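>
Residue numbers (our numbering): 445 to 507.
#1: My guess is that residue 506 and residue 493 are in contact by the Cβ rule of under 8 Å, so how many angstroms apart are they, rounded?
#2: Look at the alpha carbon of residue 454 and the alpha carbon of residue 460, and state the distance between them as a whole number of angstroms.
#3: For the alpha helix (DSSP H) holding residue 452, just list the boundary residues, first then last.
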């Protein structure tokens, strides 16, 4: 039986999956570090910051 090569697209899928693990993890756990500075700079409440993050997440889901 001849040896089959792995399709190059699977390497792309694996690389994208690993990159998403880091990006999403960094985003989810760094929000608490950034929120106080965003509130101070823009003069908004915590609820407004969190609503904007929620809206952005939902918009990303739709896209």
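All residues carry an ideal CB built from backbone N, CA and C; glycine is no exception. Note that this is a predicted model, so its numbers are computed, not measured.
Working from what's here:
#1: Here residue 506 refers to the residue found at position 62 when the chain shown is read from its first residue. Here residue 493 refers to the residue found at position 49 when the chain shown is read from its first residue. No, residue 506 and residue 493 are not in contact; Cβ-Cβ is about 21 Å, not under 8 Å.
#2: Walking along the chain shown from the start, residue 454 turns up at place 10. Walking along the chain shown from the start, residue 460 turns up at place 16. Their backbone Cα atoms lie some 10 Å apart in a straight line.
#3: Along the chain shown, one-based indexing puts residue 452 at 8. Element bounds for residue 452: 452–486.
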